[in-house]
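Have a look at the structure below, then the notes.
Residue numbers (this note's numbering), protein chains in the order written: chain A, 40 to 150; chain B, 5 to 120.
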């Protein structure tokens with residue numbers, strides 16, 4: 040079976056750095072996605088990792104360790120608008136079209 | 005055009021009604037998806053269409069009936085729903101079915117459905 044775990048809630052201060060962790064146990068691995076979802080809005084793509092290491096995209100970076108079944112999303116220079124849910128997700132199934140989401144981490148950024 | 009659109013944005017229907025949700029994309033994507041999302045929960049996959057053919061049905065009750073008449077449009081037909089079916093219904097699309105995992109999915113804004 041597939042299992043994806045991430046913390047339910049986190050809080051951080053504007054301007055700070057926050058790391059959101061995701062662990063997964065899967066019968067196969069085809070990469071890991073991070074999506075951002077503001078309340079009442081659609082999820083939007085942030086990153087995809089399939090190889091070990093850190094990928095940086097502006098203020099957001101994503102890390103993957105396949106041997107540890109572990110990923111994290113790093114958000115730097117936090118802004119109030121970064122308050123959202125962050126969803127870790129992995130593709131499965133024939134054609135890898137079946138995207139399984141973790142429960143999501145609700146991040147609250149305070150002034 | 006990098007947008008997935010969904011109509012209506014909000015829908016209130018009685019348990020005996022029949023209604024349809026519509027999704028549209030013009031990015032040339034050949035995989036389209038329906039998800040159901042309850043409050044404070046992640047999206048749950050319902051159906052996947054690959055090249056306009058139904059490829060995944062996640063054991064969804066038959067009161068939900070998907071249709072993909074062409075590569076740009078996706079529908080979810082609803083009839084005799086239950087109050088517990090109230091949720092946000094998200095449509096998504098991605099580029100190429102069958103390519104290894106890396107195609108991100110583009111989500112529409114969703115239809116917020118309330119069943120009374």
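Beta carbons are placed, not taken as given, at the ideal position from N, Cα and C, and that holds for glycine. Nothing here was measured: the structure is a model prediction, and the numbers come from that model.
Segment limits, beta strand (DSSP E) that includes residue i
i, result
"residue 23 of chain B", "22-29"
"residue 41 of chain A", "Neither: residue 41 of chain A is in no beta strand (DSSP E) and is coded neither H nor E."
"residue 58 of chain A", "57-64"
"residue 37 of chain B", "35-41"
"residue 51 of chain A", "48-52"
"residue 109 of chain B", "First-last for residue 109 of chain B: undefined, no H or E at that position."
For residue i, the residue or residues it bridges with in DSSP
i, result
"residue 127 of chain A", "A/73"
"residue 109 of chain A", "A/62, A/104"
Residue i - DSSP class collapsed to helix/strand/coil
i, result
"residue 73 of chain B", "strand"
"residue 89 of chain B", "helix"
"residue 17 of chain B", "strand"
"residue 120 of chain A", "helix"
"residue 89 of chain A", "coil"
"residue 61 of chain B", "strand"
"residue 98 of chain A", "coil"
"residue 66 of chain B", "coil"
"residue 48 of chain B", "strand"
"residue 78 of chain A", "coil"
"residue 79 of chain B", "strand"
Minimum Cβ-Cβ distance from residue i to chain E less than 7 Å
i, result
"residue 46 of chain B", "In the displayed structure, chain E is absent; the protein chains listed are A and B."
CA nearest to the CA of residue i, picked from the options
i, options, result
"residue 117 of chain B", "B/7, B/68, B/75, B/34", "B/68"
"residue 63 of chain B", "B/45, B/71, B/49", "B/49"
"residue 93 of chain A", "A/109, A/78, A/69", "A/109"
"residue 44 of chain A", "A/136, A/150, A/125", "A/125"
"residue 24 of chain B", "B/30, B/93, B/120", "B/93"
Under 7 Å from the C-beta of residue i: neighbouring residues of chain B
i, result
"residue 81 of chain A", "94, 111, 112, 113, 114"
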